[in-house]
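Quick note: the sequence shown uses UniProt numbering, first residue 1, plus one each step.
Shown next, in C-alpha cells, is the structure this report addresses.
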Amino acid sequence: MRYISTRGEAPELAFEDVLLAGLASDGGLYAPVSYPGLARGDIASLAGLPYAEASARIIAPFLGEAFDGAELRALTQCAYSSFRHSAIAPLTQIADNLFVLELFHGPTLAFKDVAMQLLGRMMDAVLARRDLRATIVGATSGDTGAAAIEAFAGLDRVDVFILYPHERVSDVQRRQMTTVEAANIHTIALRGSFDDAQSILKSLFRDARFRESVGLAGVNSINWARVVAQTAYYFTSAVALGAPHREVSFAVPTGNFGDVLAGYVAERMGLPVGKLVIGTNSNDILARTLASGRYELRGVTPTQSPSMDIQISSNFERLLFDVYGRDAAQIRGLMGALDQSKGFTVAPAPLEAIRAEFEASAAYEADTTEEIARTYRETGYILDPHAATGVHAARKRLAIDPATPIVSLATAHPAKFPDAVERAIGKRPPLPEHLAHILDARERFTVLDNDAGKVAAFISERARAARATV
Ligand SMILES: *Cc1c(COP(=O)(O)O)cnc(C)c1O
C-alpha cells in the first residue's frame, strides 16, 4: 500500500514512512492510493474474535510490507493488554436501537489510547529496525498529551516532550502527564495558552535544522496510523450488532475529524454504514459547513467538552480530497483560501457527496448537560460531556430513522470531567482505582517561558536522538 498527499506535491510513501512523518512535506495529509476492501465473509468472520485479533485483521491491508501478520498480532496484543476491560471496546445499550461504544478503558481514560497505544509500539518497532531514534514533541490541551506519554513511556527509541499551558489544564489531566516516572518523558508547562504551545510546535516543525537534528516525529491526530487503528472498533461494534447483514449508523463526538474519518474509511472498506453523524459542541464549524457549504473559521469557544474545542478540523481535508475526486490542485486552492481568508465554500457536487454519508448536529452547553441528566435519569448510565454530544446527535438521527441501530462513541470516562458531570446529575464520578494513585504521586515538570528558542534548546539538550548526531 502506497500513500499520497492530499496536496499532491510531496513524495509518495510507504506506511512506515507515513507513520514516522505525520504531516506531508507539502503541508498536506497522507491518504492511501486506494482503500482496501474487506469481503462480506471477512467482515462476518470477525464475529466473536478477541479485539486484538480482529483489529490486526482489519488494519493489515493498510500496512503493505511494514509488518507481517505475526508481528502485527504481537503489536495489537501488547497494545490492548493495557486496557482495563477484557472486551477493550464494549457496547452498552441505553435506549431502543441506541448503543454506547465505550472507548475509554485505556490507561488515560480517553479514546485516544486506542490508537496511541498501537502507534507507540509500531514506531518503536520501525525505529529499532532502522537503528534510529526519534523525538516526539506535542502540544496538548489535555487528552492527547497524556495518551502519548502513556503510549511512549519507557520505550527505548523515542523521547517525548509535551507542552501544555501552565496552570490551564485540569488537575487530573496535569497529574496524568506529570506523574509518569519514565526517563524518556518530559513535560513542559509553558507560560502561555494552548495556542502559544501550538504555535511553538509549528515553528519547531518548520525549522529544518532542528527537525533533522532531533529526528522530529509527529503523533497528532493527522497521523494516518491513528486513523487506521480507529477503523477497527467501527467493524467490531457493527459486527456485534449484526453487520454485514445489517446496516449500522454511528454518532461521533468530533473535534479534529480523526475519529469520524475512521468510520468513513471503514465504510469505504466495505462496512455497511447507514449514516455517520458528526456531533459537535458549540464549536460547530462542521455543523455549519454541512448546512451551508461554507467552511468558516471563528474563534474557539471554551466548553465543558474541551477536547472538541477546535477551530480547524484538520482531518476534514482527507474527506475533501475524496469528494473532490482526489484533485490535489483543488485542495491546494481550498486550503490556500482557508489560510488567507479564513474560509472556503465546498462546491455543490462534493457537498452532496458529503451529505450522502454524513450528517452533523451541534450540542450547545445546555444540550450537553441535559443529555447527561436525561441518560442518567432514564438508565442510570453516566456519560461524560464529550460522549453526551454524540448521544444528543444520535437521538436526532433515531427520530428520523428509528429502524437502523446507531452506535454512539463514548470518547472519555466520566471521571475525567467530574465538574461537568456533577452539574448535570448532582454527583461526582470517582476516579477508577488504578488511577487514584496519581492524586498523591510526585509530579515532574519544567516551567518554561513562551519562547520557541528556549523550548528548542531544552529539547536539544535532552533528546537522545540529538546526542547521537553530535
Ligand atoms: C480528541 C477527542 C475527541 C475528538 O476526536 P477527533 O478525532 O479530534 O475528532 C472527542 N472526545 C475526546 C474525549 C477526545 O479526547
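Just so it is clear, CB atoms sit at the ideal spot from N, CA and C, and this is done for glycine as well.
Fair warning: this is a prediction, and the values are worked out from it, not measured in the lab.
- Between the segment 276 to 286 and the segment 310 to 326 there are three or more inter-stretch CB-CB distances shorter than 8 angstroms, so the stretches are counted as touching.
- Taking a contact to require three or more Cβ pairs closer than 8 angstroms, the segment 325 to 334 and the segment 263 to 274 do not qualify as touching.
- Between the alpha carbons of Pro405 and Thr379 lies a gap of roughly 18 angstroms.
- At a cut-off of 6 angstroms, the beta-carbon of His386 counts as near ligand 1: some heavy atom of the ligand is closer than that.
- Distances between the C-beta of Phe257 and the heavy atoms of ligand 1 include at least one below 6 angstroms.
- Secondary structure at Ser203: helix, using DSSP grouped into helix, strand and coil.
- Apart from sequence neighbours up to five positions away, the residues of its chain that approach Ser221 with a beta-carbon distance below 6 angstroms are Asn256 and Gly258, ordered along the chain.
- Within the same chain, and ignoring the five residues on either side of Ser82 in sequence, the residues whose Cβ sits closer than 7 angstroms to its Cβ are Gly106, Pro107 and Gln117.
- Within the DSSP bridge table, the entry for Ile136 names Val160 and Ala217 as partners.
- In the DSSP secondary-structure assignment, Glu102 is bridged to Ala410.
- Contiguous beta strand (DSSP E) elements confined to the segment 344 to 400 occur at 358 to 362, taking only those with 3 or more residues.
- Contact between Pro414 and Asp451 is ruled out by a C-beta separation of about 38 angstroms, above the 8 angstroms threshold.
- Ranked by how close their Cα comes to the Cα of Ala456, the residues Leu75, Thr187 and Ile200 have Ile200 in first place.
- Under the three-state reduction of DSSP output, Ala456 falls in the helix class.
- The Cβ neighbour count for Leu101, taken over all protein chains shown within 10 Å, is at least 16; the residue is labelled buried.
- Exposure of Leu439 is indicated by the presence of fewer than 16 other C-beta atoms within 10 angstroms of its C-beta.
- Exclusion of the five residues before and after Leu334 leaves Leu320 and Phe344 as the residues of its chain whose Cβ lies within less than 7 angstroms of its Cβ.
- Beta-carbon to beta-carbon, Tyr30 and Ala24 are separated by about 6 angstroms, close enough to satisfy the 8 angstroms threshold.
- For Thr236, the enclosing alpha helix (DSSP H) starts and ends at Trp224 to Ala240.
- Under the three-state reduction of DSSP output, Phe15 falls in the helix class.
- If you look at Gly274, you'll find it in the beta strand (DSSP E) that goes Val273 to Thr280.
- The beta carbons of Ile43 and Ala229 sit about 18 angstroms from each other, so the pair does not count as a contact at 8 angstroms.
- Secondary structure in the UniProt domain "Threonine synthase N-terminal" (2 to 80): the alpha helix (DSSP H) runs of 4 residues or longer, each lying completely within the stretch, are 15 to 21, 40 to 44, 51 to 59 and 69 to 80 in chain order.
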